[in-house]
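Heads up, the thing below is written out as structure tokens.
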Amino acid sequence: MRRAVAVAVSATKVRRIEDAVLGVGLLAGNANVIMQLARPGVGYGVVESRVESGQLFRHPVKRTRTTLAYLVVAAMGTDQEKELFRRGVNRAHAQVRSTDASPVAYNAFDPDLQLWVAACLYKGFEDNYRIFFGEPDAATVEAFYREGAVLGTTLQVSAEAWPPDRAAFEEYWAESLDAISIDDTVRAYLYDVTMLAWLPRPVALLFGRFNRFVTTGFLPERFREEMRLPWNGRDQRRFDALMSALAAIVRRVPPVVRRFPFNLVLWDLRRRIRTGRPLV
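Residue numbering for the sequence shown follows the numbering used here, starting at 1497 and increasing by one per position.
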């Protein structure tokens, strides 16, 4: 996603994608959303969504819980949990399709758009890995990448559609950048998300500018340009210093603390399955 902050730590102890499920990684979540919605079909699918319960500005707690649950069940859930969650997502996605009034055609079951979303999620996990644990060796990169396929197959992406190795993924990513474009409508929506306009006003006023700063730092330059978010050398130095400080903390805390609140979300998901409550 962006150049990794150098950290003095061996990557050999961190070989599973679940090891990149980090609470501090939520700082990069907004940037990942921007990357996903930079594809017009995904962007308008979210902006125009008729799934009432999934709208961030109307149901922020539920929407956030569902998003975190998807990530944690893909990375740490059992096969049964993945299948149950996939069914819930499918029911919601069945309502997400363009109308005659939509400026672009889209369908939530479009395999190309699904692959793009999964690729963005994988890039986010990979970036967190590098920032907080250091540059992995070649064997770890491939093992980590193979596990990353679950980010797509937990949606509707077939295993065959996932690029076969990390080099093929890089080719796919480079080619896919030609298809991104953020117009004024989607940009305005994403800017409101970035400034935390979906939270109570005092919270948004207190943390909105900070969230915009870290979001811009996690974004690759191409996406910054699409969002018209300025960034300079001083900003980069401040961002690198912040990430280095956080990495030092993350490497020293126990895994149970490191993974919070994702471990809590997984506990809640399993409680919902036991009690027959909806997952999405």
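A virtual CB, placed ideally from N, CA and C, is assigned to each residue, including glycine.
From which residue to which residue does the alpha helix (DSSP H) around residue i run?
i: Ser-1740; result: 1729-1746
i: Pro-1536; result: 1536-1543
i: Asp-1633; result: No alpha helix (DSSP H) holds Asp-1633; DSSP gives it neither H nor E.
i: Asn-1707; result: 1697-1714
i: Asn-1603; result: No alpha helix (DSSP H) holds Asn-1603; DSSP gives it neither H nor E.
i: Gly-1584; result: 1575-1589
i: Met-1691; result: Unbroken run through Met-1691: none, as it is neither H nor E.
i: Ser-1672; result: 1662-1672
On the CB-based measure, 16 or more other CB atoms within 10 Å of its CB, does residue i come out buried or exposed?
i: Ala-1565; result: buried
i: Asn-1526; result: buried
i: Glu-1656; result: exposed
i: Arg-1754; result: buried
i: Ala-1571; result: buried
i: Leu-1611; result: buried
How big is the Cα-Cα spacing for residue i and residue j?
i: Lys-1578; j: Phe-1714; result: 28 angstroms
i: Asp-1764; j: Thr-1563; result: 13 angstroms
i: Thr-1771; j: Thr-1649; result: 25 angstroms
i: Ile-1627; j: Pro-1716; result: 14 angstroms
i: Gln-1732; j: Asp-1596; result: 43 angstroms
So which of the options has the shortest CA-CA distance to residue i?
i: Glu-1643; options: Ile-1513, Val-1542, Ala-1741 and Val-1585; result: Ile-1513
i: Glu-1722; options: Asp-1674, Ile-1627 and Glu-1667; result: Asp-1674
i: Asn-1707; options: Leu-1692, Pro-1726, Gly-1584 and Leu-1609; result: Leu-1692
i: Gly-1519; options: Gly-1620, Leu-1775 and Ala-1601; result: Gly-1620
i: Gln-1591; options: Pro-1698, Leu-1701 and Val-1542; result: Val-1542
How close, in whole Å, do the beta carbons of residue i and residue j come, if the pair is a contact with beta carbons under 8 angstroms?
i: Phe-1719; j: Ile-1530; result: 6 angstroms
i: Glu-1631; j: Arg-1662; result: With 8 angstroms as the limit, Glu-1631 and Arg-1662 do not qualify as a contact, their Cβ atoms being about 13 angstroms apart.
i: Trp-1658; j: Ala-1670; result: No, Trp-1658 and Ala-1670 are not in contact; Cβ-Cβ is about 16 angstroms, not under 8 angstroms.
i: Phe-1665; j: Tyr-1641; result: 7 angstroms
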